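A.B. asks: Structure in structure tokens, see below.
Rendered as structure tokens:
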């Protein structure tokens with residue numbers, strides 16, 4: 002247990018900025034925005050008439066509604082914390098088993114009598130418990146500071162913050178809900194946390210790529226397979242090739258219409274092009290969008306051929 | 006007494022390459038063992054196996070434990086410095102001491118602070134603010150404050166200047182070493198450690214080519230300075246190795262009677278470095294002519 006605590010402290014020391022400074026900045030932003038709005042109100046309307054009106058109107062609303070709005074507002078204010086916390090945990094875990102391999106300090110950590118299991122556990126506990134707890138404590142402090150400023154403002158216009166809103170909501174219920182949601186989310190997110198730690202332990206470099214590319218490739222492949230599965234013959238690769246072939250400007254077939262046969266360009270099975278043997282019809286094909294696509298494909302193939310040819314004599 | 010390290014047929018393969026090839030080791034307590042070998046000879050891999058940092062085949066027991074399975078438990082009695090630059094760069098000195106104190110049951114904060122007091126390192130320093138030499142001092146202070154039975158040093162002074170290197174070994178010898186402890190060192194700067202060694206192990210291509218106490222080495226090996234007229238007689242005694250320096254011939258003998266040798270010229274104790282060169286050459290090539298060329302090249 003003593004060792005576990007020591008290892009948790011080590012994680013905190015190494016990631017102070019992410020664990021503590023980040024939520025402090027968010028809380029600070031909330032408070033700054035509140036102060037800014039107070040000063041703006043005060044500046045535009047020095048008698049605070051509008052604010053007074055607002056407080057009066059608020060007092061007219063039912064106790065139930067006010068309580069509910071307060072409660073919902075408290076929950077909503079946690080969203081910003083939650084999203085940023087997600088990023089913090091993501092990058093923390095991605096570096097958790099990679100950074101010390103990169104700077105070779107792993108050799109120092111492994112010279113201490115702490116097992117690998119304990120080390121891994123300390124990093125997982127940091128992500129699941131330590132980080133949310135830091136965020137929670139700072140969120141609670143932010144709420145309290147905001148409530149204090151709001152109350153002072155209301156007292157300033159002879160309102161009673163206690164009856165107006167403070168007594169109408171149980172803050173511990175809101176904080177409890179937020180805490181519960183964060184800690185259950187930590188369990189819910191375990192597969193992702195596990196994946197990030199796996200990548201962190203495995204990646205020879207740039208763990209971010211190793212973490213994001215495989216699922217991305219997987220998703221693209223799946224979309225592609227789905228795409229092929231729902232493809233009609235006309236639009237699949239074979240269809241495109243056969244259409245390409247029959248639309249050639251070479252004189253190849255006879256077109257029958259109104260009982261008369263006439264020599265034609267390519268095979269007149271589609272009405273994409275006019276198949277009559279004229280110079281315009283030949284040029285139409287060369288200056289088409291299809292031709293542009295075809296040229297791109299050709300360029301890729303030719304470049305590939307050149308690359309392979311270049312290497313044909315190597316070893 | 007039970008050996009500190011004992012290995013039978015210790016082997017480590019990486020694909021087709023055999024980094025450590027069936028080595029046997031038996032290191033009793035109270036020794037300072039120098040493990041010497043060229044780059045890629047398998048020293049570091051052997052040390053890694055001993056420290057539980059890599060898997061291996063064969064039998065290996067360190068302080069009665071299997072390092073591959075019990076690394077964490079083993080590290081209560083084993084310390085290692087794996088070259089100068091492995092302390093985490095973000096950490097502060099006081100954090101490092103706190104951490105080691107809480108994780109290591111045999112760490113003495115007082116001792117560590119005592120050692121640090123002799124340096125310019127303060128508790129508030131971050132490792133990344135320290136010079137290479139100071140990081141080595143810090144690491145050594147940490148390690149010397151831990152009361153362990155086995156200390157493993159893998160190129161502990163790599164990249165340090167000569168003053169730090171001297172100080173490093175002096176501290177180690179004066180303040181740390183005693184009959185209960187065993188130190189296992191690898192280094193390329195053989196000359197700096199040869200006077201502190203009690204045992205010598207040479208490794209080549211994953212095999213042990215010499216494993217002897219320094220007394221045995223001095224007993225067995227002799228270096229003879231011979232002038233031109235005695236060269237044929239000296240060669241007849243089948244030297245392990247010969248080279249020419251300032252017009253004199255120098256021969257290195259393995260197990261030849263010293264009285265017999267001293268009749269031919271001036272007898273000396275070979276340095277570990279010379280012995281090492283002779284041993285490596287002795288295995289790789291037997292032509293004396295070529296030896297001469299290569300040695301003069303190596304000494305130039």
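Chains as they are written, first to last, in the numbering used here: chain A, 2 to 316; chain B, 6 to 305.
Beta carbons: idealized from backbone N, C-alpha and C, even for Gly.
Small disclaimer: the values here were computed from a predicted structure and weren't measured.
Strictly under 8 angstroms for the Cβ-Cβ distance: is residue 102(B) near chain A by that measure?
C.D. replies: The residue given as residue 102(B) occupies position 97 in the second chain. Taking Cβ atoms only, chain A never reaches closer than 8 angstroms to residue 102(B), which makes this a no.
A.B. asks: Taking the C-alpha atoms as reference points, what is the distance between residue 41(B) and residue 163(B)?
C.D. replies: Mapped onto the second chain, residue 41(B) falls at position 36. Mapped onto the second chain, residue 163(B) falls at position 158. So the two alpha carbons sit approximately 14 angstroms from each other.
A.B. asks: Report yes or no: is there a C-beta of chain A within less than 8 angstroms of the C-beta of residue 240(B)?
C.D. replies: As a working mapping, residue 240(B) is identified with position 235 in the second chain. No, no contact with chain A.
A.B. asks: With DSSP as the reference, label residue 196(B) as helix, strand or coil.
C.D. replies: Counting from one through the second chain, the residue named residue 196(B) turns up at place 191. DSSP places residue 196(B) in helix when its eight states are reduced to three.
A.B. asks: With DSSP collapsed to three states, give me the class of residue 67(B).
C.D. replies: Walking along the second chain from the start, residue 67(B) turns up at place 62. Three-state DSSP puts residue 67(B) in a strand.
A.B. asks: Assuming the contact rule is C-beta atoms closer than 8 angstroms, residue 191(B) and residue 159(B) should be a hit. Round their C-beta distance to whole Å, please.
C.D. replies: Locating residue 191(B) in the second chain gives position 186, where the first residue counts as 1. Locating residue 159(B) in the second chain gives position 154, where the first residue counts as 1. About 5 angstroms; that satisfies the 8 angstroms criterion.
A.B. asks: Which of the three DSSP states, helix, strand or coil, is assigned to residue 15(B)?
C.D. replies: The residue labelled residue 15(B) in the question sits at position 10 within the second chain. If DSSP states are grouped into helix, strand and coil, residue 15(B) belongs with the strands.
A.B. asks: Using a C-beta cutoff of 8 angstroms, does residue 98(B) count as contacting chain A?
C.D. replies: Along the second chain, one-based indexing puts residue 98(B) at 93. Chain A contact via Cβ: absent.
A.B. asks: Does residue 49(A) come within less than 8 angstroms of chain B when only Cβ atoms are used?
C.D. replies: In the first chain, the residue the question calls residue 49(A) occupies position 48. It does not; no Cβ of chain B falls within 8 angstroms.
A.B. asks: To which residues does DSSP link residue 256(A) through a beta bridge?
C.D. replies: The count along the first chain starts at 1 and reaches residue 256(A) at position 255. Per DSSP, 263(A).
A.B. asks: Measuring CB to CB, does residue 84(B) end up less than 8 angstroms from residue 116(A)?
C.D. replies: The sequence position of residue 84(B) within the second chain is 79, counting from 1. The sequence position of residue 116(A) within the first chain is 115, counting from 1. No, these two residues do not count as a Cβ contact at 8 angstroms.
A.B. asks: With 16 as the cutoff for other CB atoms within 10 Å, does residue 73(A) come out buried or exposed?
C.D. replies: Here the question's residue 73(A) lines up with position 72 in the first chain. Exposed, since its Cβ has fewer than 16 Cβ neighbours within 10 Å.
A.B. asks: Between residue 94(B) and residue 133(B), is the Cβ-Cβ spacing less than 8 angstroms?
C.D. replies: Counted from its first residue, the second chain places residue 94(B) at position 89. Counted from its first residue, the second chain places residue 133(B) at position 128. Result yes, Cβ atoms of residue 94(B) and residue 133(B) sit closer than 8 angstroms.
A.B. asks: Rounded to whole angstroms, what is the Cα-Cα separation between residue 52(B) and residue 154(B)?
C.D. replies: Here residue 52(B) refers to the residue found at position 47 when the second chain is read from its first residue. Here residue 154(B) refers to the residue found at position 149 when the second chain is read from its first residue. The alpha-carbon atoms of residue 52(B) and residue 154(B) are separated by roughly 16 angstroms.
A.B. asks: For the stretch 10 to 37 of chain A, enumerate the residues whose C-beta is nearer than 8 angstroms to any C-beta of chain B, in chain order.
C.D. replies: Residues passing the 8 angstroms Cβ filter: 10, 11, 14 and 15.
A.B. asks: On the three-state DSSP scale, how would you describe residue 304(B)?
C.D. replies: Sequence index remark: in the second chain, residue 304(B) carries index 299 (1-based). Confidence in residue 304(B) is poor, its pLDDT being 39 and thus under 50, which makes the residue's placement unreliable; the coordinate value appears in the next sentence. Helix, per DSSP.
A.B. asks: Distance cutoff 8 angstroms, beta carbons only. Does residue 115(A) sit that close to anything in chain B?
C.D. replies: Reading the first chain from its first residue, position 114 is the one you call residue 115(A). Yes - at least one Cβ of chain B is within 8 angstroms of the one on residue 115(A).
A.B. asks: Is there contact here, the stretch 56 to 68 of chain B with the stretch 212 to 226 of chain B, by at least three beta-carbon pairs under 8 angstroms?
C.D. replies: Not touching, per the Cβ criterion.
A.B. asks: Which same chain residues end up closer than 6 angstroms to residue 305(A) when comparing Cβ atoms and leaving out the 5 residues on each side of it in sequence?
C.D. replies: Taking the first residue of the first chain as 1, we reach residue 305(A) at position 304. Contacts found: none.
A.B. asks: Would you decide whether residue 223(A) is buried or exposed? Buried here means 16 or more other CB atoms lie within 10 Å of its CB.
C.D. replies: One-based indexing of the first chain puts residue 223(A) at position 222. By the neighbour-count rule (16 or more Cβ atoms within 10 Å), residue 223(A) is not buried but exposed.
A.B. asks: Mind listing the chain B neighbours of residue 202(A)? Cutoff is C-beta to C-beta under 8 angstroms, in chain order.
C.D. replies: Along the first chain, one-based indexing puts residue 202(A) at 201. Near residue 202(A) there are no residues of chain B at all, since even the closest Cβ is about 15 angstroms away, more than 8 angstroms.
A.B. asks: Should residue 112(A) be flagged as near chain B, meaning a C-beta pair shorter than 8 angstroms?
C.D. replies: Stepping through the first chain from its first residue, residue 112(A) is reached at position 111. Yes - at least one Cβ of chain B is within 8 angstroms of the one on residue 112(A).
A.B. asks: Mapping DSSP to helix, strand and coil, what is residue 244(A)?
C.D. replies: Position 243 of the first chain, counted from the start, is the residue given in the question as residue 244(A). Reduced to three states, the DSSP call for residue 244(A) is helix.
A.B. asks: Residues of the stretch 171 to 201 of chain B in Cβ contact with chain A at a cutoff of 9 angstroms, in chain order, please.
C.D. replies: Hits within the stretch: zero.
A.B. asks: Residue 214(B): beta carbon under 7 angstroms from a heavy atom of the ligand PLP?
C.D. replies: This structure lacks the ligand PLP, and indeed carries no ligand of any kind.
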